[in-house]
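Those protein sequences? They're chains A and B, same order as listed.
Going by our numbering, the first sequence opens with residue 76, and the numbers climb by one from there.
Going by our numbering, the second sequence opens with residue 666, and the numbers climb by one from there.
The beta-carbon is built from N, C-alpha and C at its ideal position, and this holds for glycine as well.
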Amino acid sequence: MKPDEKWRLEAISIRSFRGVAGEQSLDFGGRSALLYGNNGVGKSTIALALQWTLFGKFPSGVLPNIGFKDFLAPVGGTKGASSGEVSFGRAGQTFSIRRDEAAGTFTVKIGSKALEDEEAEKQRETVLGIDMETFVRTVLLHQSRVRGLMLDEVKDRNHAIDMLLGVEAAQDLHNVLKVKPFLDAAIEWRGSAKSAQENHRAQGDLLKRQYEHAVSQARDSGFQNKDLNWTALSAHYEKLVEAVHSLANRHEVPAAKLSAPVSPTEAHAQRFTVKVSRELNQIRSKAQSQVRLVQEKSRVQRMQGLLGEWDQKVNDRDEAQKLVSGAEAGLPSSGSPEKLLEDATTKIKKQEELLANLGLTYKLLTDARAALAVQRDAKCPVCGSVDVSHLDRDLESRIGSLSSGELVEGQKLLGTLKQYGNELKIKLDQLAQLKQGRVLVQNQLTRLSEQIAKLLEVHVISESKVRQRLLEGTKNSTAVCEGLEKSVESLASEIEEIATKATNLEGSLLTVILKREEISRHEKDGEKILHEHAGSEKKAESMEGLGSRIERIRIALLEAKDHLASDRLKRARPRSLELYERLVRHPKFSSFDITTKPRAKKVDYTFEVSVEGNPSTAREAKLVLSDGQITATAVGIFVGLAESAAHGLDMLFIDDPTQNLDQGAKEAMAKLMVEIAGRKQIVISTHDEEFVSYLREYGFDKKASVFHIESWNGNPKIVSGSKSP
Amino acid sequence: MAIQQPFPRTIRAEVKFTTSSSISVPDRELAPLTSSDPNITGLLAALFWSNGKNMDGRWLVVDASDPLVLRRSSLTPDYLRLTTVSQPGLAPLRRRIDDLWPAFLFAYLDTAKKGHLALSKELQNRHADGQLQEPLPTHEVLAIDHQAAMSEVVSHCGNSGSGRIFQRLFAYLLGLAGYRTVTVNTIGVPDVVASDPTQENEHVEFQLTVDQSRRLVRHCRAAGDTELASRLLSQDRRLA
Numbered sequence: 076m077k078p079d080e081k082w083r084l085e086a087i088s089i090r091s092f093r094g095v096a097g098e099q100s101l102d103f104g105g106r107s108a109l110l111y112g113n114n115g116v117g118k119s120t121i122a123l124a125l126q127w128t129l130f131g132k133f134p135s136g137v138l139p140n141i142g143f144k145d146f147l148a149p150v151g152g153t154k155g156a157s158s159g160e161v162s163f164g165r166a167g168q169t170f171s172i173r174r175d176e177a178a179g180t181f182t183v184k185i186g187s188k189a190l191e192d193e194e195a196e197k198q199r200e201t202v203l204g205i206d207m208e209t210f211v212r213t214v215l216l217h218q219s220r221v222r223g224l225m226l227d228e229v230k231d232r233n234h235a236i237d238m239l240l241g242v243e244a245a246q247d248l249h250n251v252l253k254v255k256p257f258l259d260a261a262i263e264w265r266g267s268a269k270s271a272q273e274n275h276r277a278q279g280d281l282l283k284r285q286y287e288h289a290v291s292q293a294r295d296s297g298f299q300n301k302d303l304n305w306t307a308l309s310a311h312y313e314k315l316v317e318a319v320h321s322l323a324n325r326h327e328v329p330a331a332k333l334s335a336p337v338s339p340t341e342a343h344a345q346r347f348t349v350k351v352s353r354e355l356n357q358i359r360s361k362a363q364s365q366v367r368l369v370q371e372k373s374r375v376q377r378m379q380g381l382l383g384e385w386d387q388k389v390n391d392r393d394e395a396q397k398l399v400s401g402a403e404a405g406l407p408s409s410g411s412p413e414k415l416l417e418d419a420t421t422k423i424k425k426q427e428e429l430l431a432n433l434g435l436t437y438k439l440l441t442d443a444r445a446a447l448a449v450q451r452d453a454k455c456p457v458c459g460s461v462d463v464s465h466l467d468r469d470l471e472s473r474i475g476s477l478s479s480g481e482l483v484e485g486q487k488l489l490g491t492l493k494q495y496g497n498e499l500k501i502k503l504d505q506l507a508q509l510k511q512g513r514v515l516v517q518n519q520l521t522r523l524s525e526q527i528a529k530l531l532e533v534h535v536i537s538e539s540k541v542r543q544r545l546l547e548g549t550k551n552s553t554a555v556c557e558g559l560e561k562s563v564e565s566l567a568s569e570i571e572e573i574a575t576k577a578t579n580l581e582g583s584l585l586t587v588i589l590k591r592e593e594i595s596r597h598e599k600d601g602e603k604i605l606h607e608h609a610g611s612e613k614k615a616e617s618m619e620g621l622g623s624r625i626e627r628i629r630i631a632l633l634e635a636k637d638h639l640a641s642d643r644l645k646r647a648r649p650r651s652l653e654l655y656e657r658l659v660r661h662p663k664f665s666s667f668d669i670t671t672k673p674r675a676k677k678v679d680y681t682f683e684v685s686v687e688g689n690p691s692t693a694r695e696a697k698l699v700l701s702d703g704q705i706t707a708t709a710v711g712i713f714v715g716l717a718e719s720a721a722h723g724l725d726m727l728f729i730d731d732p733t734q735n736l737d738q739g740a741k742e743a744m745a746k747l748m749v750e751i752a753g754r755k756q757i758v759i760s761t762h763d764e765e766f767v768s769y770l771r772e773y774g775f776d777k778k779a780s781v782f783h784i785e786s787w788n789g790n791p792k793i794v795s796g797s798k799s800p
Numbered sequence: 666m667a668i669q670q671p672f673p674r675t676i677r678a679e680v681k682f683t684t685s686s687s688i689s690v691p692d693r694e695l696a697p698l699t700s701s702d703p704n705i706t707g708l709l710a711a712l713f714w715s716n717g718k719n720m721d722g723r724w725l726v727v728d729a730s731d732p733l734v735l736r737r738s739s740l741t742p743d744y745l746r747l748t749t750v751s752q753p754g755l756a757p758l759r760r761r762i763d764d765l766w767p768a769f770l771f772a773y774l775d776t777a778k779k780g781h782l783a784l785s786k787e788l789q790n791r792h793a794d795g796q797l798q799e800p801l802p803t804h805e806v807l808a809i810d811h812q813a814a815m816s817e818v819v820s821h822c823g824n825s826g827s828g829r830i831f832q833r834l835f836a837y838l839l840g841l842a843g844y845r846t847v848t849v850n851t852i853g854v855p856d857v858v859a860s861d862p863t864q865e866n867e868h869v870e871f872q873l874t875v876d877q878s879r880r881l882v883r884h885c886r887a888a889g890d891t892e893l894a895s896r897l898l899s900q901d902r903r904l905a
């Protein structure tokens, strides 16, 4: 758009508005203007009236804690209906805008065409190509926006830059949009399930503790993490069944049909454990090693018994032999005992016969003597001799000899013989008995030997080998027993191991599995709770979805703000830098820059000065520049922004541009204003006489209307310049 | 039946594990994840293990190029979960990761406890041989199992060591999910690059009744396909 195609301010008329109690009109005629006068004479009212008439509102921050109508009301008079009328002109065209608070109307007129309200709003934007935000950013520089750059708080300074760049709305909107209410709403929706979930969680905690205890016990029993599930337990059960069957096979016990539990229930597990126990008892009692051990032990006992018996019998037999030998030794050595007894008997018989003969002889002799005595005179019966005296003598001698010698001796001898005979007979009887006893013992020994042979499974054993064989047999059997005992011990150990495993599977691992089942059910219950509250959950998710969208919008707003601010700064930068050099004239920091610094929830700015743009020399502007220098920099930025903006107005309205400026800066500022006035309508509002002098010195008044507002008495008292009729 | 969106063709992932309540991902780590190539998706995969919160032990996988991620210097589990709500395109991959992760961690827990070198070797070899799924348990992995496994890794390997372990596990979790090529950058960024997903691993959704599903499980078992049976069982607890 060429300059002559842009609109300039022709005139403004104000009624019952802020510093104007009655009515005030100013005629600019499309020229630049200077409004000067002391503080409080109503200079700013004109800028505000221009803004209000055009847009009917003010940017945020202009009306802190003040009602709109109160703000509009005249300061020095009674409340009345505010109204304003502004006219712009270009190349012979006029565009008039009127706002009437009392009537509640907004009217525009271009040529003969008049429009109201919404149509008027549209027409204004179409014709001027500007909205309030752009107007404030690129046409109207208020001192308040400059002041913000000097504030101590970074947040406030950032906000001031926001305003200067016209991006505060994005930040404001970002601040207004809150995710938390949506998340809170989600929490509230989920609150319906909260009680049930808390109960569920408490149960879960209890189950967890129980489970951990069970797991701890299972680990103590040697189970690992990988065992703590039904699949693993099932596999353990299968292995246990295999182990039992293998054990039965190895120990030659017919295996009963044993099968692993098919599901993790206590009843199944208990039945299984009982079956395993029963089966193990069977194996224990019927294992071949056990049976053979019993047999072999019995055999050892038997052999040991036989050995003792054998030794006893052999001893008995030897004793009997000794007795026999002793008895035999007591017998005469000549001849056999039988012969001796026979001889003795014969001798006794002969002696008895001899004695009998001697007795007969004696009787004969005595009878002869008796007969001789009776028949003394008679002749000798033997010899017939009459004289038998010699017979008497002989008889007597013979009788005497017989009775005192031969017969006695004979009887003595017979007695001796009989005694000897008796003794011999006794001895022989005893010998016979001993021999009989010895035979008996020997027979027993023989039978025992046969038993032993049978036990040792040999056909026959010589007596001399019996003991040795028995000892060898016992030794061998004992060795066999030891082997079997080891086997039985091993069996017992295996049985114990399997029984322990079965007990552990049921007592430890199954407990874990059952607890897992319980937890699994509990977890499913948790899902049921969610399912039962699905409606609320859906609402909660919906709220979260909205929250997420809001967050995305918030981020988009910040990005937009960042991009917009960066873009505006970039476009304004060359001119702003030039003006910084001209207005600030800093002896060291010849350059400045404002850059955006995106953060999570905001966009910060770095406002730094540097030596010829060298980043290593960069310092924060607030710490280096004076308030005046910052003001000058801000004006430079504003002009840079204003000149790089595209809209239909060819004007600037600058309020109090020299605040805090020193003399040199004021002079530079005046030069700048004059320069701008050469190509653009610029309206300057100031109370600064020195600045006004500089403006005049550099010929501003030749290019502009000058309104000196001398005083205020409810209305500005303008003593020079042009006033609309 | 509906065929879901396939997995991203190539994934560049930054993997984060923390025992604190938030993670920070510097721009220098996020930048290499993004690409103008539409076939490349940059992911931030975060695993939290702090105070037994809801999202503890679950992978939170978000598109790293999302402004919701890029703009935040600190990311909490709740925030990441909120982010996933607005990234439905990654839902199939997330579901797959959610499905596989507890069993995957359970399967490789013992190896993980031997250290990241042993774990890397085993995962790499198994992935090369197409046997990553072999050690996966056929039984149900309960939430309590998963918590215990997480806890065990952290207590055994320490915070920093656990980070390396979980980084590798995540990489090959993608391998298990169907990515034929998996690269783990021990030092550089991105942490993980996974590409070339198998077509077989694209999800196909069926609508079956519980009864029909149970019959399908029985048929799988009868046919000896216990892996598929277990997989079906894990889809819905009502089938157990």
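Taking C-beta atoms under 8 Å as the contact rule, V116 (chain A) and S786 (chain A) qualify, at a distance of about 6 Å. Among the residues of chain B, those whose CB is under 7 Å from the CB of I594 (chain A) are L807 and I809, following chain order. If you check each beta-carbon in the stretch 813-846 of chain B against every beta-carbon of chain A, none falls closer than 7 Å. The C-beta of T306 (chain A) comes closer than 8 Å to at least one C-beta of chain B.
Against chain B, the beta carbon of S623 (chain A) has neighbours under 8 Å at L733, L747, T748, V750 and S751, listed in chain order. No Cβ of chain B is located within less than 8 Å of the beta carbon of P336 (chain A). A Cβ-Cβ contact shorter than 8 Å links G715 (chain A) with S651 (chain A).
Within the same chain, and ignoring the five residues on either side of R845 (chain B) in sequence, the residues whose Cβ sits closer than 8 Å to its Cβ are S860, D861, P862 and T863. Sixteen is the threshold: when 16 or more other Cβ atoms of the shown chains lie within 10 Å of the Cβ of E85 (chain A), as they do, the residue is buried.
When A:L470, A:T553, A:A721 and A:T420 are compared, the shortest CA-CA separation from R444 (chain A) is found for A:L470.
Under the 8 Å criterion on CB atoms, R791 (chain B) is classed as non-interfacial with respect to chain A. In this structure I262 (chain A) is exposed. Its beta-carbon is surrounded by fewer than 16 other beta-carbon atoms within 10 angstroms. Below the 7 Å Cβ cutoff, chain B contributes L807 as neighbours of R591 (chain A), in chain order. Chain A has no Cβ within less than 8 Å of the Cβ of S715 (chain B). Using beta-carbon distances, T803 (chain B) counts as an interface residue toward chain A, with a partner under 8 Å.
Excluding five sequence positions before and after R173 (chain A), the CB atoms of its chain that fall closer than 6 Å to its own CB belong to E160 and T182, given in chain order. Cβ contact annotation for D391 (chain A) (same chain, cutoff 7 Å, sequence separation greater than five): V516, in chain order. The residue among A:L724, A:R591 and A:L700 with its C-alpha nearest the C-alpha of V758 (chain A) is A:L724. Proximity of the stretch 662-674 of chain A to the stretch 686-701 of chain A meets the contact definition, three or more beta-carbon pairs being nearer than 8 Å. Look at the stretch 669-698 of chain A: the residues with a C-beta under 9 Å from a C-beta of chain B are P673, R674, A675 and K676. The CB of R879 (chain B) never comes closer than 7 Å to any CB in chain A; the least such distance is about 16 Å.
Neighbourhood of S738 (chain B) in chain A, by CB distance below 9 Å: R674 and A675, in chain order. The DSSP assignment places complete alpha helix (DSSP H) segments of no fewer than 4 residues inside the stretch 684-721 of chain A at 696-699 and 702-719, in order along the chain. Shortest Cα-Cα distance from H288 (chain A) to any of A:G131, A:L589 and A:A235 involves A:L589. A245 (chain A) is positioned such that its CB atom lies no closer than 8 Å to that of L644 (chain A). Comparing alpha carbon positions, the residue from A:R90, A:L747, A:V678 and A:E564 closest to H326 (chain A) is A:E564.
At a cut-off of 8 Å between beta-carbon atoms, G620 (chain A) makes contact with chain B.
Exposed is the label assigned to A448 (chain A), since fewer than 16 other Cβ atoms lie within 10 Å of its Cβ. At a cut-off of 8 Å between beta-carbon atoms, R902 (chain B) makes contact with chain A.
Rounded to whole angstroms, the Cβ separation of F170 (chain A) and W82 (chain A) is 6 Å, and the two are in contact under 8 Å.
Interface with chain B (8 Å Cβ-Cβ cutoff): I630 (chain A) is included. Judged by beta-carbon spacing, R759 (chain B) lies within the 8 Å limit of T749 (chain B), meaning their Cβ atoms are closer than that value. With respect to the 8 Å criterion, E581 (chain A) and T348 (chain A) are classified as neighbours on the basis of their beta carbons.
At least one CB atom of chain B sits nearer than 8 Å to the CB of E634 (chain A). Residue state for K672 (chain A) is assigned as strand, using DSSP reduced to three classes.
In terms of CA proximity to E695 (chain A), A:N233 leads the group A:E384, A:L322 and A:N233.
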